[in-house]
Structures are given as C-alpha cells and as structure tokens.
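Single-structure report; data block below.
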Amino acid sequence: MDAEAVLDLFRTSGALLEGHFRLTSGLHSERYLQSALVLQYPDLATRLGDAIANLTRRLQPTVVLSPALGGIVIGQEVGRALGVRAIFAERQDGRLMLRRGFRVEPADRIVVVEDVVTTGGSTRETIDVAREAGAQVVGASAIIDRGSDPARMGLPLFSLVRLEVPTYEPDSCPLCARGLPVVKPGSRAV
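Under this note's numbering, residues 86 to 275 are what the sequence shown spells out, in order.
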C-alpha cells in the first residue's frame, strides 16, 4: 500500500482534519489525523495492519506493543498479521506502564506500533516501558509519521506515510495570531 492510498483512506473516512488544533504535545497545527475514523472500519484496519506488518516482518518481532489509546487497534491488526501477541501500555498516574497482566520477557523482540507519530514522545515512552521490563525493542512503526527527525527514536522507525505538517509553539502560532479558535481533538482532549 503506497502513501497516497493510505492518505486516500484518511480523506474518504474523514480522518484528515483541517483547522486549528492543539496536539497532545501542546504544539499547534493546521492539520490533524484522527486515525480512529479510519480504524473503525475493520477492512481498512486490516489493510493498514497488513501493510505495517510487511514493513516490520524482517525484524522478527515476537510481540507488538502499542501505547493506549491510539495504538491499540492498529497494534492488534499488526500483531494479527505477524502472528504474534499484541499488547498495550496504558497510563496510570500519568505514566505509561504494562497493566492488565501484560508481560514481556527478556527473550521478546518488541516492535512498537502507533497510529500517528508527531514528536515521538508516546513512542519513546512505550519503548522505555518495554526496555524497563527487560525486553529488546527492535523497531517502531506507525501508519503516519508526521515528525521532522527520522532518527528521533534511536532505532528503526517504519511508517506507511511520512507527512510533513508544520507545527507551532502556541506563543508563535500563526493560526492563533489570526484569531482562529483552537480545538483539542483525540484521546486526551483536556
């Protein structure tokens, strides 16, 4: 599946939003990717999961680990396509951790799977969860990488789409300067 086909799925499902958004990182942007609107359709989620699995299969992962909430659906699909366990880390007291009886072992080869990577903060935090549990992280992947530094993970990052979307600090945001109201979409809309 090429990048344009992936973006078409986002467009046709209404998942590529335009306006003035405050991202989880606190940065502002004129575009927002609401991947839940694509992943709500099982056939589309399966296609995207298969495509990411094809990118990461050579890493020979034994476990897919995703951050909750955005990475759960796509992580499950990638795990299914690879034939490995798919688990997730979730926040407790503001910190990602393994809960619900999920465990990884030192012999596990982890690939971290996200829906959209912007700054990479959640991905790096998920990598840390796996490493703190003693597992080996062999790579990370996402449907869309909208960041600007491909080396920011410190390990291979595979994405179906690399999409450069400008982000702005709130105090220097041209959208704020134009008086456009800011919206906080996504799973942490606070």
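Every residue gets a Cβ at the ideal spot worked out from N, C-alpha and C, and that includes glycine.
Item: Residue of Arg132, Gln177, Arg176 minimising C-alpha distance to Gly160; Value: Arg132
Item: CA-to-CA distance, Pro266 to Leu102, given in whole angstroms; Value: 15 Å
Item: Unbroken alpha helix (DSSP H) run spanning Arg216, endpoints; Value: 206-217
Item: Three CB pairs or more closer than 8 Å across the segment 188-195 and the segment 220-239; Value: yes
Item: Secondary structure of Gly156, DSSP reduced to three states; Value: coil
Item: Limits of the unbroken alpha helix (DSSP H) element including Asp93; Value: 88-97
Item: Segment contact, 8 Å Cβ cut-off, at least three pairs: the segment 153-169 with the segment 237-246; Value: no
Item: Identity of the residue in Ala130, Gly134, Pro152 nearest Val214 by Cα; Value: Pro152
Item: Presumed contact (8 Å Cβ cut-off) between Gly155 and Val201, rounded CB distance; Value: 7 Å
Item: Cut-off 8 Å between Cβ atoms - residues of its own chain near Tyr126, not counting five sequence neighbours on either side; Value: Ser98
Item: Collapsed DSSP secondary structure at Asp193 in the structure displayed; Value: coil
Item: Burial state of Asp230 (16 or more Cβ within 10 Å); Value: buried
Item: Check whether Val268 and Gly104 have beta carbons under 8 Å apart; Value: yes
Item: Straight-line gap, Thr109 to Arg209 (C-alpha atoms, nearest Å); Value: 14 Å
Item: Coil, strand or helix - Leu124 by DSSP; Value: helix
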